[in-house]
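The structure under discussion appears below in the form of structure tokens.
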Amino acid sequence: MPELPEVETIARGLANKIVGKTIARVDVAWKPIAVAPKGVRFARALEGERVVRSWRRGKYVVLDLASGRRLVTSLRMTGRLIVRAAGDGPYPYAHVVLHFTDGTHLVFSEMRKFGRMRLVEPGEPWDADLGIEPLGKPFTPQAFNGIVSGRTTPVKALLLDQRRIAGIGNIYACEALWVARIRPDRPAGALTKPSLRRLHRAIVDVLLEACKMGGSSVDDYVDADGLRGGFQNVLSVYGRLGRPCARCGKSIVRTVLGGRGTWWCRGCQR
DNA sequence: CCGCCGCCCTGCTTGC
DNA sequence: TGCAAGCAGGGCGGCG
């Protein structure tokens with residue numbers, strides 16, 4: 007599932023491939039994907055727009071348009087944004103297709119149909135509910151302490167809360183907690199100062215390393231070129247039920263926390 | 001404000 | 001063997 011590193015990789019890929027292109031026509035095959043503006047107005051509003059920048063905020067891919075508007079895409083579980091050449095055949099689950107004037111097109115594809123695309127007007131506060139960027143300068147150990155302090159929720163649930171920190175999903179929450187040697191079900195506010203230090207560090211390190219490797223292709227994530235990432239090959243706990251912990255040798259377990267599968271090591275995460 | 005639950009979807013796994 | 005039921009999961013709205 008696309009989390010911060012995967013979305014970052016996609017946004018960078020799109021920066022290379024579609025910035026400067028003009029949208030000629032938009033097809034919306036599955037209406038609920040386009041949440042704003044609704045119906046045919048979504049497609050109409052995009053026609054004639056030029057893409058001037060591609061970037062990421064949390065798990066959202068943001069395409070800045072020449073008019074000052076923004077196309078914001080949430081990929082959710084299995085969503086893909088794929089750039090296709092003029093002669094390419096149909097792509098599976100192509101719910102929204104942006105046709106550019108040069109014949110290439112950008113396909114939003116998703117098996118589950120959970121993804122969303124929103125056209126945001128200039129100045130419209132679309133990301134007010136999103137938390138701090140974990141790879142941004144303001145995400146200091148002190149800032150992290152402030153986010154965590156007083157919270158009774160399990161630390162993993164807090165890492166997944168996009169209103170607190172934006173971009174961490176199930177894979178990197180599990181991985182960061184393993185690196186920091188912290189049990190996922192620990193109440194966040196009860197963590198010691200040294201634990202919080204390690205966790206802050208682990209979050210940044212894991213996300214940076216995953217970005218470097220082009221993300222994790224555990225299910226069906228691929229980048230804007232349709233290529234797989236590399237971080238799935240170096241995961242320590244995620245999806246590794248029964249495999250030995252690389253640090254202490256005990257078997258990795260899977261529990262359910264907040265309704266989400268959670269992989270961790272009972273031997274060295276405390 | 002905070003935390004919890006159910007829903008949206010569909011491919012895959014499980015069980016009879 | 002075949003088919004139905006169950007499960008997974010990010011974000012969001014509803015509820016207490």
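Residue numbers (this note's numbering): 7 to 276.
Backbone N, C-alpha and C define an ideal beta-carbon position, used for all residues, glycine too.
Computed from a predicted structure; not experimentally measured.
Query                                                                                                                                                                         : Result
Let's test the definition: count the other Cβ atoms within 10 Å of the Cβ of residue 115 and tell me whether it reaches 16, buried, or not, exposed.                          : buried
Am I right that residue 190 and residue 197 are in contact with their C-beta atoms under 8 Å? What's the rounded C-beta distance?                                             : Residue 190 to residue 197, Cβ: 12 Å. No contact.
Going by the beta-carbon positions, is the gap between residue 276 and residue 203 smaller than 9 Å?                                                                          : no
Looking only at its chain, what residues have a beta carbon closer than 7 Å to the beta carbon of residue 99, apart from the 5 residues adjacent to it on each side?          : 115, 116 and 117
When you compare each of 25, 211, 55 and 217 to residue 12 by their alpha carbons, which one comes out closest?                                                               : 217
Just to confirm, does residue 226 get its C-beta within under 8 Å of one of the non-hydrogen atoms of the ligand GDP?                                                         : Within the structure as shown, the ligand GDP is missing, as the structure has no ligands at all.
Quick check: residue 77 and residue 65, are their CB atoms within less than 9 Å of each other?                                                                                : no
Is the Cβ-Cβ distance between residue 91 and residue 110 less than 9 Å?                                                                                                       : yes
For the candidate residues 224, 157, 39 and 180, whose alpha-carbon lies nearest to that of residue 194?                                                                      : 157
With 16 other CB atoms within 10 Å as the buried threshold, where does residue 231 fall?                                                                                      : exposed
Taking the alpha-carbon positions, what's the residue 19 to residue 229 distance?                                                                                             : 7 Å
Name the residue from 185, 132 and 38 whose alpha carbon lies nearest to the alpha carbon of residue 253.                                                                     : 185
With 16 as the cutoff for other CB atoms within 10 Å, does residue 140 come out buried or exposed?                                                                            : buried
Give me whichever residues DSSP pairs with residue 250 in a beta bridge.                                                                                                      : 257
Straight-line CA distance for residue 245 to residue 269?                                                                                                                     : 7 Å
With 16 as the cutoff for other CB atoms within 10 Å, does residue 93 come out buried or exposed?                                                                             : exposed
Which partner residues does residue 105 have in the DSSP bridge list?                                                                                                         : 31 and 111
Please list, in chain order, all residues of the same chain as residue 283 whose beta carbon is under 6 Å from its beta carbon, the five residues on each side excluded.      : Residue 283 falls outside the range modelled here, since the chain spans only 7 to 276, and no answer is possible.
For my contact list, residue 166 and residue 173 are in at a C-beta cut-off of 8 Å; report their separation, rounded to the angstrom.                                         : With a Cβ gap of about 10 Å, residue 166 and residue 173 do not count as contacting.
Apart from the five residues on each side of it in sequence, which residues of its chain come closer than 6 Å, Cβ to Cβ, to residue 32?                                       : 49, 52 and 104
Exposed or buried, what is residue 8 when buried is set at 16 or more other beta-carbons lying within 10 Å of its beta-carbon?                                                : buried
Could you tell me the alpha carbon to alpha carbon distance between residue 38 and residue 122, rounded to whole angstroms?                                                   : 8 Å
What are the boundary residues of the alpha helix (DSSP H) that residue 19 is part of?                                                                                        : 10 to 24
Would you identify the three-state DSSP class for residue 94, choosing helix, strand or coil?                                                                                 : coil
Do residue 60 and residue 30 count as a contact pair if the criterion is CB distance below 9 Å?                                                                               : no
Report the residue from 101, 108, 150 and 74 whose alpha carbon sits nearest the alpha carbon of residue 125.                                                                 : 74
Excluding the five sequence neighbours on either side, which residues of its own chain have a C-beta within less than 8 Å of the C-beta of residue 70, listed in chain order? : 57, 58, 59, 60, 61 and 76
Whose C-alpha, out of 213, 153 and 169, is nearest the C-alpha of residue 178?                                                                                                : 213
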